[in-house]
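If you read the sequence shown in the UniProt record's numbering, its first letter stands for residue 1, the second for the next number, and so on. Notes to accompany the following structure.
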Amino acid sequence: MGGRNAIDTIAIEASSGLVYDLDNSGFDLETKSRALLGLTTDFDVLFCGLEGSGYEFVFAERARVRIELQTHLDGGKNLADMDEAEYGYTCTCAVFRARADVACQHIFWLLDQLRGQLNSASPPSPILLTSDGHTQGFSRIEQLLSKATNAMALQDLAEQLNWPYFRSAGREGGMNRAQRVRDILSAFSTDVLPDRFRIDLTEPEDGNGRALQIRTPEQCVVQGDFEATLFRLAVHDDNVFTSLSKAMPPGACAAIYFDKVLERSRRALSKFDRYCQTFGQSKNADGDPSACLAAVLETLQTDTLNIHKNIHVRAPHGLQGAAKALTSILEEITTRDKDSLADNPYGQTAFFDEDEDSRNLYHQLVGKTDNDNNVGEHFILDALEDLAGEDLYPFKERLEAVLHRVEVGRAPKGFILKLAGIVRAAKIGITRKRATRAGDGERDVERGWKRMR
């Protein structure tokens, strides 16, 4: 942090560019000192996000500022207005706790930063403040943030201010703290996915995804288990969590996740191919039962569903990685429009008593999606359809080749029409205006991580 000397408190220009008049704001000496410190100091926001009925901003100084919104989710998960007494600004720092009716330096600073981004009209100059950090002539910050029907308003602001923003698990469909930590730690493994990483490590949570039991660093220690200790520290200590997030940012985690799921599908297909080649090799060894047709179908369907789910959970990160994984799996399936035992060297023509179509992966995953029985459900295409054209654009030729393949195959008409729409979106994706998504910097992080690997 850095401050300034010999400041004229009648006209203080904060880092937002706004000018404040503390002399005529009616402050007592303590309030004026807090405001002066907040407006002339540079603080670091480790991360921010939606927590329950408000936004929270975590500072490097181990302070956490909360802004209660004027709307919240009611029992039916609909936006509802809150009573005026229920919202306001709070901070966990010692200065605020000593006198909670007056904003602390963190609140004064934070509101100035947000005010500089949210107010488009020319403000009066200099600006008069109130003791809780509000300004005369401006809408309250919580009113401006509550105007949005979702949390994208702050997410966009955070991107402009270079503050890491973490989407909440409940209202925004993101991850809770423990899930994020599990995601980060599992990223260091070559094959373990987050939902299978140390499933013995759990921390009881409340409805907002926050740990019910608060642990000190000493209480996070698990003797003889560094991984468990690090997991607990990251869940309970904001600075440890932030350091891990910087070492393995969300973009890198997303890229690694989608690569792992794709590799899992490829391993399942390779294992199934070996099973088909060795089936009947001896009377007592028909191959690995886990590699049978039902198992590989379940793996491919599960992987596709997980990719689809994680497109939304991880957005805006890793979307091209998801597009690559889905396109690759679709390619693998559409090149297998044949009897799986057609080339069996031991003359085996059936696993049990099934017919040829039952042994055809393409038919099981694509050919059975007829409009009468599976309206709106098409293998992989539902997930691809949720991706923007800009994310599909690098794979447009591959997707078009798949389209030509299924047109001459036995794909249902609905499947072909849906895939044709996806191909059209991919072709024009580069000409569309880029949405406020991962951004070029995030994509650079993902590409850089892949190069490192």
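Just so you know, even glycine gets a beta-carbon here, dropped at the ideal spot from N, CA and C. Because the structure is a prediction, the values reported are computed rather than measured.
Buried/exposed call for residue i, threshold 16 Cβ in 10 Å
i, result
"arginine 177", "buried"
"alanine 85", "Low per-residue confidence applies at alanine 85: pLDDT is 44, beneath 50, and the placement is therefore not dependable, though the value from the model is reported in the following sentence. Exposed, because fewer than 16 other Cβ atoms sit within 10 Å of the Cβ of alanine 85."
"arginine 447", "Low confidence applies here, because arginine 447 scores a pLDDT of 39, under 50, leaving its location unreliable and the question unanswered by this model."
"glutamine 136", "exposed"
"asparagine 284", "Confidence at asparagine 284 is low in this model, with a pLDDT of 41, below 50, so its placement is unreliable and no value can be given for it."
"arginine 432", "Per-residue confidence for arginine 432 stands at a pLDDT of 38, beneath the threshold of 50, marking its modelled position as unreliable; the derived number appears in the next sentence. It counts as exposed."
"leucine 417", "exposed"
"lysine 309", "exposed"
"histidine 317", "buried"
"glutamine 70", "buried"
"tyrosine 89", "buried"
"glutamine 213", "exposed"
"arginine 196", "exposed"
"glycine 347", "exposed"
"leucine 145", "buried"
"aspartate 81", "Low confidence applies to aspartate 81: its pLDDT is 47, below 50, so where it sits in the model is not reliable, and the reading given next is rough at best. It counts as exposed."
"phenylalanine 279", "buried"
"glutamate 142", "buried"
"serine 224", "For the sequence presented, residue 224 should be read as glycine rather than serine. Exposed: under 16 other Cβ atoms inside 10 Å."
"leucine 18", "buried"
"glycine 75", "Caution is warranted here: a pLDDT of 44 is assigned to glycine 75, below 50, making its placement in the model unreliable, and no coordinate value can be reported."
"aspartate 440", "Because the pLDDT at aspartate 440 is just 38, under 50, the model does not fix this residue reliably, and the value given afterwards should be weighed accordingly. Aspartate 440 should be labelled exposed."
"arginine 140", "buried"
Which residues DSSP lists as bridging residue i, in chain order
i, result
"valine 58", "Phe47 and Arg64"
"threonine 90", "Arg66"
"threonine 304", "Per DSSP, none; premise fails for threonine 304."
"glutamate 205", "Ala211"
"threonine 216", "According to DSSP, which records beta bridges pairwise, threonine 216 is partnered with nothing at all."
"isoleucine 12", "Tyr20"
"isoleucine 127", "Tyr20"
"tyrosine 165", "Cys48"
"threonine 135", "Leu129"
CB of residue i within 8 Å of CB of residue j, strictly
i, j, result
"leucine 161", "glutamine 117", "yes"
"phenylalanine 258", "glycine 321", "yes"
"leucine 22", "alanine 35", "yes"
"glutamate 68", "serine 53", "yes"
"valine 181", "alanine 234", "yes"
"glutamine 113", "serine 33", "no"
"valine 406", "leucine 419", "yes"
"leucine 319", "isoleucine 311", "yes"
"serine 131", "alanine 100", "no"
"arginine 359", "leucine 341", "yes"
"aspartate 303", "arginine 62", "no"
"isoleucine 10", "proline 126", "yes"
"valine 313", "methionine 175", "yes"
"phenylalanine 108", "glycine 170", "no"
"phenylalanine 166", "glycine 49", "yes"
"threonine 229", "valine 221", "yes"
"glutamine 277", "proline 345", "yes"
"phenylalanine 415", "leucine 381", "yes"
"arginine 198", "glutamate 227", "yes"
Contact belief for residue i with residue j at Cβ below 8 Å, rounded distance in angstroms
i, j, result
"tyrosine 362", "aspartate 391", "Not a contact, Cβ separation roughly 25 Å."
"alanine 211", "proline 204", "7 Å"
"threonine 327", "valine 366", "No, threonine 327 and valine 366 are not in contact; Cβ-Cβ is about 14 Å, not under 8 Å."
"isoleucine 399", "isoleucine 422", "Here residue 399 turns out to be leucine, not isoleucine, going by the sequence shown. Indeed they touch by this definition, with Cβ atoms about 6 Å apart."
"phenylalanine 395", "lysine 324", "7 Å"
"glutamate 356", "aspartate 339", "5 Å"
"alanine 350", "glycine 389", "About 44 Å; that fails the 8 Å criterion."
"glutamate 331", "valine 402", "6 Å"
Selected residue, minimal CA-CA separation from residue i, among the options
i, options, result
"tyrosine 55", "Gly38, Val19 and Leu111", "Leu111"
"lysine 271", "Gly170, Leu193, Leu293 and Thr41", "Leu293"
"proline 194", "Val261, His236, Val406 and Ala295", "Val261"
"valine 192", "Asp206, Arg264 and Ser168", "Arg264"
"threonine 40", "Phe27, Asn24, Asp28 and Tyr20", "Tyr20"
"leucine 185", "Pro124, Gln155 and Ala247", "Ala247"
"serine 168", "Ala315, Pro126 and Asp237", "Ala315"
"alanine 187", "Ser245, Asp273 and Asn24", "Ser245"
"serine 25", "Ala401, Tyr393 and His134", "His134"
"leucine 157", "Asn119, Ala268 and Cys220", "Asn119"
"threonine 299", "Ile329, Gly280 and Phe43", "Ile329"
"leucine 297", "Leu269, Thr278, Tyr275 and Arg97", "Leu269"
"cysteine 253", "Leu230, Ser189, Leu154 and Gln219", "Ser189"
"residue 491", "Asp225, Ala60 and Gln223", "This structure does not reach residue 491, given that the chain is present from 1 up to 453, and the question cannot be answered."
"glutamine 364", "Leu403, Glu227, Tyr393 and Arg410", "Arg410"
"phenylalanine 27", "Arg66, Ala153 and Leu128", "Leu128"
"arginine 97", "Glu13, Pro249, Arg64 and Arg266", "Arg64"
Residue-level contact to chain E via CB, residue i, 8 Å cutoff
i, result
"alanine 323", "The structure shown has no chain E; it contains just one protein chain."
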